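Enquirer: Could you have a look at this structure, given as structure tokens, before my questions?
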Amino acid sequence: MKQGYGISHAKVIFMGEHSVVYHHPALAIPFKALRAEVMIQPTTKSSLHCDLYSGLLDHGPKNLEPILELIKTLITYFNLPEIEVNINSTIPFSSGLGSSAALASAITKAFYDYMHTPLSDDQLFKWVQQSETMAHGNPSGVDALTTSFDHAWWFIKGQVPQALTISLPAYLIIAQTLQSGSTKEALKIVSEHIQSEGMISIDKLGQLTHEALQAIQSKDVIKLGHIMTQAHETLSHLGISTPSLDECVSIALENNACGAKLTGGGLGGCMIALAKNQEDCDTICEALRKVTPHVWSLSLI
Numbered sequence: 086m087k088q089g090y091g092i093s094h095a096k097v098i099f100m101g102e103h104s105v106v107y108h109h110p111a112l113a114i115p116f117k118a119l120r121a122e123v124m125i126q127p128t129t130k131s132s133l134h135c136d137l138y139s140g141l142l143d144h145g146p147k148n149l150e151p152i153l154e155l156i157k158t159l160i161t162y163f164n165l166p167e168i169e170v171n172i173n174s175t176i177p178f179s180s181g182l183g184s185s186a187a188l189a190s191a192i193t194k195a196f197y198d199y200m201h202t203p204l205s206d207d208q209l210f211k212w213v214q215q216s217e218t219m220a221h222g223n224p225s226g227v228d229a230l231t232t233s234f235d236h237a238w239w240f241i242k243g244q245v246p247q248a249l250t251i252s253l254p255a256y257l258i259i260a261q262t263l264q265s266g267s268t269k270e271a272l273k274i275v276s277e278h279i280q281s282e283g284m285i286s287i288d289k290l291g292q293l294t295h296e297a298l299q300a301i302q303s304k305d306v307i308k309l310g311h312i313m314t315q316a317h318e319t320l321s322h323l324g325i326s327t328p329s330l331d332e333c334v335s336i337a338l339e340n341n342a343c344g345a346k347l348t349g350g351g352l353g354g355c356m357i358a359l360a361k362n363q364e365d366c367d368t369i370c371e372a373l374r375k376v377t378p379h380v381w382s383l384s385l386i
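Following this note's numbering, the numbering of the sequence shown begins with 86 at its first residue and continues without gaps.
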């Protein structure tokens, strides 16, 4: 039976969430331990099968609407008959790890693979960003980029992204709180904050992102950690942190993290922490697992 296959991965925004929407830089890295895999094949009636839903495309739940619409659009674009879409993803939804973008990327790759049609980087970005716009309203594009390709990225909206090589004597810990985030709601809160207080916090986040890149380039892990914690304080001032995110940040810092912050849209989802060695990484992970079972780590070396 003819099949098409696509795979993508999660992403972590290291620095620059929300300020990137306002043309400041963002620094994002791929997180390949969490993946989205998609397989498509012919069927008698177009359907979607995943952890959240299994059934006909036309009857899917509202929270999957951007993905359902992308599938329908690709079916029409390629003038295909009925298609069955099977999704196997380990990326948690509404966590700030790019699940919606990763799914859109893997789905697009699967359709192009099914049609034996070359897929350019620009085409892939366009399809994913189209789906992300439906999902989040005003996405920066950093999720679409980082979930689709294997590089770390320096991203400024409206400019050509720069691929980065990050090599640090450090470890990154990712912890998912037990509260789902909402990027669309967070974007609204930030917009309202700007209307009432201006761009001071956004501009500060932009400056901190520049400083973070300098710290990475000089391999100054301690300074980078301090910058991350300052960013969390600023994001909290914007109104998009939560008690559970703040608790995880505090736990990490109390257990010798160099720095910690929320990552992604906020209002729940995930936080990240920086450890200068494997021993500290293990200690931080163990402490965080007392409040959430969803903790991962990766070497930045």
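Idealized CB from N, CA, C, for every residue including glycine. Quick caveat: nothing in here was measured; it's all calculated off a predicted structure.
Quick check on this structure: which residue in H103, A95, S179, I307 has the alpha carbon closest to the alpha carbon of A121?
Expert: In the sequence shown, counting from the first residue as 1, residue 121 sits at position 36. It is A95 whose Cα lies nearest to the Cα of A121.
Enquirer: Entirely within the segment 123–152 and at least 3 residues each: give me those beta strand (DSSP E) ranges in chain order.
Expert: The qualifying runs are 132–134, 139–141.
Enquirer: Is A187 helix, strand or coil by DSSP?
Expert: Position 102 of the sequence shown, counted from the first residue, corresponds to residue 187. Here A187 sits in helix by DSSP.
Enquirer: Using alpha carbons as the reference points, say which of L290, D228, H103, L159 lies closest to L204.
Expert: Working through the sequence shown from its first residue, we reach residue 204 at position 119. Comparing Cα-Cα distances from L204 to each of L290, D228, H103, L159, the minimum goes to L159.
Enquirer: Counting beta carbon pairs with one atom in the segment 346–357 and one in the segment 257–275, are three or more of them shorter than 8 Å?
Expert: Contact between the segment 257–275 and the segment 346–357 is present, because at least three Cβ pairs lie under 8 Å.
Enquirer: Compare the C-alpha of V83 against each of S139, Y256, D367, L230 and name the closest.
Expert: The question about residue 83 has no answer, for the chain in this structure spans 86 to 386.
Enquirer: By Cβ distance below 6 Å, which residues in the same chain neighbour I241 in space, the five residues on each side in sequence not counted?
Expert: To locate residue 241, count along the sequence shown from 1; it is residue 156. P110, listed in sequence order.
Enquirer: Taking the alpha-carbon positions, what's the I114 to F99 distance?
Expert: Taking the sequence shown and counting its residues from 1, the one referred to as residue 114 is at position 29. Taking the sequence shown and counting its residues from 1, the one referred to as residue 99 is at position 14. Taking the straight line joining both Cα atoms gives about 7 Å.
Enquirer: Tell me which residues share the same chain as Q126 and place their Cβ nearer than 7 Å to its Cβ, disregarding the 5 neighbours each side in the sequence.
Expert: Residue numbering aside, residue 126 sits at position 41 when the sequence shown is read from its first letter. So the list reads M86, K87, Q88, E169, once near-sequence residues are dropped.
Enquirer: Judging by CA-CA distance, which residue of Y107, F163, A300, W238 is the nearest neighbour of F196?
Expert: Translated into the one-based positions of the sequence shown, residue 196 becomes position 111. It is F163.
Enquirer: Throw me the rounded Cβ distance for the L182 and T193 pair, which I believe falls under 8 Å.
Expert: Reading the sequence shown from its first residue, position 97 is the one you call residue 182. Reading the sequence shown from its first residue, position 108 is the one you call residue 193. No, L182 and T193 are not in contact; Cβ-Cβ is about 19 Å, not under 8 Å.
Enquirer: What is the residue span of the beta strand (DSSP E) that G310 lies within?
Expert: For the purposes of this step, residue 310 is taken as residue 225 along the sequence shown, with counting starting at 1. First-last for G310: 306–323, but that is the alpha helix (DSSP H), not the beta strand (DSSP E).
Enquirer: Enumerate in chain order the residues of its own chain whose CB-to-CB distance from G101 is below 8 Å, with the five nearest sequence positions on each side excluded.
Expert: Position 16 of the sequence shown, counting from 1, holds the residue named residue 101. The answer, listed in chain order, is H109, P110, A111, L112, A113, V227, F240, L290, G291, T294.
Enquirer: So L385 packs on Y256, CB below 8 Å; how close in whole Å?
Expert: If you number the sequence shown from 1, residue 385 lands on position 300. If you number the sequence shown from 1, residue 256 lands on position 171. The pair is a contact, with the Cβ atoms about 7 Å apart (cut-off 8 Å).
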